[in-house]
Ligand SMILES: NC(=O)c1ccc[n+]([C@@H]2O[C@H](COP(=O)([O-])OP(=O)(O)OC[C@H]3O[C@@H](n4cnc5c(N)ncnc54)[C@H](O)[C@@H]3O)[C@@H](O)[C@H]2O)c1
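Residue numbers (the numbering used here): 227 to 574.
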């Protein structure tokens with residue numbers, strides 16, 4: 227069943243992945259309602275659709291249950307991406323728990339009450355915790371190392387219950403690390419690839435926290451957006467969980483090396499002590515996705531990084547005041563919750 231000429235909700239649609247998903251959905255004539263509280267999302271991510279009458283943006287908190295119920299009325303498909311961030315969960319787990327668990331339950335209930343045809347829950351590879359064996363299938367052990375990972379897993383379980391109870395037709399997507407245009411670079415939201423790129427563009431060494439041997443399975447963001455749509459369109463995907471990944475393990479040191487080669491080969495990465503809660507090894511198995519949909523993400527890390535570097539070069543003007551931010555331990559940029567005896571110290 228194609229998602230065309232339909233009324234589609236995207237929670238978190240002003241965010242990094244969500245805004246690319248909105249691009250896809252508008253391209254094929256859907257009416258899209260973005261629900262976003264702009265805690266990490268940005269109007270800039272949707273600026274290209276400013277004059278498109280098929281896009282409606284509701285600045286709202288998914289914790290507002292009654293409002294969610296009203297907003298979902300009349301919708302046919304829901305992509306639930308709204309989330310609070312992994313690094314925030316290190317020092318402020320409560321808000322991350324509330325948005326990712328209660329917020330997800332609110333969206334599931336609102337979608338079920340509206341009788342939507344399909345619901346996609348966007349989970350995360352962080353539900354796994356550090357891999358002891360790779361690649362990780364969808365049935366890998368669940369030992370999340372952060373409240374973020376644990377709360378995303380709770381969202382998966384709630385989604386499964388709605389499916390088994392016959393309240394909704396659902397699919398669970400579990401993206402691995404994404405990168406590409408619009409990725410966060412500033413403050414606590416800043417991710418490793420844009421931080422390395424912007425530092426290199428400013429002539430500064432990428433800063434690696436830890437020994438750089440940590441690995442991730444990186445997917446270019448537009449591919450993830452495509453697969454989110456294809457999963458919700460697929461009858462075979464109903465009730466199933468899918469990794470969205472390439473199945474290639476790349477270390478953080480390798481990423482730094484590739485970016486240095488693309489931007490400024492004279493730079494040498496700087497190594498600092500690691501970040502708490504940093505998962506050491508992640509690499510997914512895309513076999514189920516490939517068998518079900520006939521393909522899986524295939525843009526190589528080098529090709530994706532070239533595009534990403536070009537985008538950041540064009541879109542993010544070099545600003546000296548941003549440099550200090552890019553060099554900081556950004557997970558320490560919020561206050562720790564008062565009950566955490568040594569949280570602030572742990573992060574330093
Ligand atoms: N970026 C990645 O590498 C990655 C990897 C795996 C999974 N994911 C998942 O993909 C989804 C999107 O992540 P992203 O990287 O685009 O993050 P993002 O922070 O850019 O997007 C999240 C969006 O949710 C919004 N939001 C947060 N709290 C909200 C609330 N209470 N009410 C309404 N909106 C709220 C934010 O404003 C933001 O626009 C998330 O579900 C995340 O868990 C991301």
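Quick reminder that beta carbons are idealized off the backbone N, C-alpha and C, glycines included.
- With respect to the 7 angstroms criterion, residue 426 and residue 489 are classified as neighbours on the basis of their beta carbons.
- Per DSSP, residue 434 is one residue of the beta strand (DSSP E) stretching across 433-435.
- Between residue 406 and residue 393, the alpha-carbon positions lie close to 35 angstroms from each other.
- Put simply, the region 432-445 does not touch the region 368-387. Fewer than three CB pairs are less than 8 angstroms apart.
- For secondary structure counted as the beta strand (DSSP E) over 3 or more consecutive residues, the region 439-513 holds these complete runs in sequence order: 467-470 and 496-498.
- When 249, 462, 229 and 340 are compared, the shortest CA-CA separation from residue 517 is found for 462.
- Straight-line measurement puts the Cα of residue 330 at about 8 angstroms from the Cα of residue 385.
- CA-CA distance, residue 279 to residue 234, rounds to 14 angstroms.
- By the beta-carbon neighbour count (other beta carbons within 10 angstroms, threshold 16), residue 232 is buried.
- The beta carbons of residue 317 and residue 562 sit closer together than 7 angstroms.
- Exclusion of residue 369 from the 6 angstroms shell around ligand 1 follows from its C-beta lying no nearer than that to any non-hydrogen atom of the ligand.
- Closest in C-alpha terms to residue 357, from the list 402, 380, 239 and 446, comes 402.
- By the 16-neighbour rule on beta-carbons within 10 angstroms, residue 543 is exposed.
- Residue 253 and residue 451 have their C-alpha atoms some 12 angstroms from each other.
- Annotation: residue 538 is outside any beta strand (DSSP E); the continuous alpha helix (DSSP H) that includes it extends over 527-541.
- Comparing alpha carbon positions, the residue from 383, 424, 272 and 400 closest to residue 535 is 424.
- Selection 448, 515, 435 and 446 evaluated against residue 502 yields 435 as nearest (Cα-Cα).
- For residue 452, the shortest separation between its Cβ and any heavy atom of ligand 1 does not lie below 6 angstroms.
- Secondary structure note for residue 398: its beta strand (DSSP E) is the uninterrupted segment 396-401.
- In its chain, beyond the 5 residues on either side, 309, 326, 349, 350, 352, 353 and 370 have a beta carbon closer than 8 angstroms to the beta carbon of residue 378.
- A heavy atom of ligand 1 is found nearer than 6 angstroms to the CB of residue 264.
- Around the beta carbon of residue 383, a 10 Å sphere encloses fewer than 16 other beta carbons of the protein chains shown; the residue is thus reported as exposed.
- Under the three-state reduction of DSSP output, residue 347 falls in the strand class.
- Here DSSP, grouped into helix, strand and coil, assigns residue 303 to strand.
- For residue 243, the uninterrupted alpha helix (DSSP H) segment begins and ends at 242-253.
- Here the region 465-477 does not lie against the region 405-420, with fewer than 3 beta-carbon pairs under 8 angstroms apart.
- Taken from the Cβ of residue 288, at least one heavy atom of ligand 1 lies inside 6 angstroms.
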